[in-house]
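First comes the structure, then the notes that go with it.
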Amino acid sequence: MRDSPFIVRFLRSCNVDVRELVYERPHHLSEGTVVLGITKNFLRLPVVVSVDDVLRHCLIVGSTGSGKTSLAKRLARLLSRHGAVVVLDWYGEYCDVADRVIRIGREEPVEIPVEDPLDVVSLLEEVLELTPPQSYLLTKVLRKTSNVEFLLDLLESYVPEARWEIETKASLLRKLSFLVRYGKLLRIAPPEKLNSTLLSRGNCVSVDLSSLRVLELKRLAVLSTLNSIRYIQERKLFDGRVFVIVEEAHNVASRGDLLARYLAEVRKLNMGLIVITQSPAALGFEAMNNTNIKVVKTLRSAEDIQTIARSMNLSSDRYSLLSRLGFDEALVDAPSLSEPILVELSEIT
Ligand SMILES: Nc1ncnc2c1ncn2[C@@H]1O[C@H](COP(=O)(O)OP(=O)(O)O)[C@@H](O)[C@H]1O
Ligand SMILES: [Mg+2]
3 MRDSPFIVRF LRSCNVDVRE LVYERPHHLS EGTVVLGITK NFLRLPVVVS VDDVLRHCLI
63 VGSTGSGKTS LAKRLARLLS RHGAVVVLDW YGEYCDVADR VIRIGREEPV EIPVEDPLDV
123 VSLLEEVLEL TPPQSYLLTK VLRKTSNVEF LLDLLESYVP EARWEIETKA SLLRKLSFLV
183 RYGKLLRIAP PEKLNSTLLS RGNCVSVDLS SLRVLELKRL AVLSTLNSIR YIQERKLFDG
243 RVFVIVEEAH NVASRGDLLA RYLAEVRKLN MGLIVITQSP AALGFEAMNN TNIKVVKTLR
303 SAEDIQTIAR SMNLSSDRYS LLSRLGFDEA LVDAPSLSEP ILVELSEIT
């Protein structure tokens, strides 16, 4: 409490109830801070989150057009002062704030990092929504190879050992034909050959996915880039913090648990994700609960409002507010705040 602004300490000393009005200052300010805006009350105090808290992930939710991307663009600039920023730019909207744009599918292939051939199973499971028998058969086939480039040949020449495998092999080949169709856009890379120039301190790099027309390709590009950044951080090929802005996060994984697992696993790697979605219900609880800072813009669907309200433990007055927030407003929760607080998102730098 001693860290509260003077005006708050003063009001408290006069026995004024200031519970609803204030936030606690971040307790670990030394590593830098980002100002999100000012409190939407007469005190108009700056609302500050620590960079350390962003490294434990941030969620931005709101209906289409509620201003998520506009806020994320501003965060991209602010966070680049504290490390490298990479945007998984689903619609190519960050060209104006990025220092560099990598146009995937036009100038650059989708680089897929593969350390072990079996890595490909979990990647394709997610991207192509494989059924358990399909994943099982793919694992069986991949165990026999050290080179995933020959995956399709290997599968074609595989002789089914049981009746169920005949149908599964056929359906798997159908799903994997996607790899033949778009093979020219893909490049498999061992982790040591990854392009670590993706990360550049003080810079914001947009990985522009807008020219990939197929959902599966976009997913493959997002998950591959996330894996590449994780490998780069694990091997300490880049020395510093990395902030990754993930647009359309509900589209990234067909099952929310993959993103939730990723969020939990990269916490120790000096990597913070800014997860953006219009649909908290589709993203899932576990992924949401793995984010430390939550910025809620206006939401229309009752299901989405209920999901986020449950995840933030909102009281009923805040709950009804969620469908009526203005473009520059958000309900923000962060470890530095004593409770979710209404914030005017303004350009304080
Ligand atoms: N202060 C503002 N008030 C109203 N509309 C705005 C404001 N600032 C930007 N816009 C416009 O609103 C639109 C939606 O914003 P955007 O950030 O893309 O929303 P989202 O990412 O949530 O779909 C954009 O075209 C943006 O230019
Ligand atoms: Mg947007």
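Every position in the sequence shown, counted from 1, becomes a number in my numbering once 2 is added.
Backbone N, C-alpha and C define an ideal beta-carbon position, used for all residues, glycine too.
So if DSSP puts residue i in a beta bridge, which residue, or which two residues, is it bridged to?
i, result
"threonine 199", "For threonine 199, which the question treats as bridged, DSSP gives no partner whatsoever."
"leucine 211", "Leucine 211 is not bridged to any residue."
"proline 193", "DSSP, once it has assigned bridges, lists no residue as partnering proline 193."
"phenylalanine 245", "Val87 and Gly274"
"lysine 296", "Leu61 and Asp335"
"arginine 105", "Asp210"
"valine 36", "Val51"
DSSP on residue i, reduced to helix/strand/coil?
i, result
"valine 99", "coil"
"proline 282", "helix"
"threonine 141", "helix"
"serine 121", "It is worth fixing the name first, because residue 121 is aspartate in this sequence and not serine. Helix at aspartate 121."
"leucine 188", "strand"
"serine 230", "helix"
"leucine 301", "coil"
"arginine 176", "helix"
"threonine 66", "coil"
"valine 53", "helix"
"leucine 344", "strand"
"serine 15", "helix"
"threonine 170", "helix"
"threonine 41", "strand"
"glutamate 131", "coil"
For residue i and residue j, which I take to be in contact (beta-carbon distance under 8 Å), what is that distance rounded to the nearest angstrom?
i, j, result
"proline 337", "aspartate 55", "5 Å"
"leucine 301", "serine 325", "6 Å"
"valine 53", "valine 244", "About 12 Å separates the two Cβ atoms, so there is no contact after all."
"isoleucine 247", "isoleucine 295", "The Cβ separation is near 13 Å, so there is no contact."
"valine 99", "arginine 83", "About 13 Å; that fails the 8 Å criterion."
Please classify residue i as buried or exposed, where buried requires at least 16 neighbouring CB atoms within 10 angstroms.
i, result
"glutamate 163", "exposed"
"leucine 214", "buried"
"phenylalanine 240", "buried"
"arginine 232", "buried"
Determine whether the Cβ of residue i lies closer than 9 Å to any Cβ atom of chain C.
i, result
"isoleucine 40", "Within the model displayed, chain C is absent; a lone protein chain is all it includes."
- [ ] Pair every Cβ in the region 167 to 181 with every Cβ in the region 56 to 63, then say whether three or more of these pairs are closer than 8 Å.
- [x] no
TODO: Count the C-beta pairs between the region 254 to 267 and the region 133 to 147 that are closer than 8 Å, then say yes if the count reaches three, no if not.
DONE: no
TODO: Could you tell me whether the region 208 to 224 touches the region 103 to 110, where touching means 3 or more Cβ pairs closer than 8 Å?
DONE: yes
TODO: Flag this pair as touching only if the region 79 to 98 and the region 195 to 204 have three or more C-beta atom pairs under 8 Å; answer yes or no.
DONE: yes
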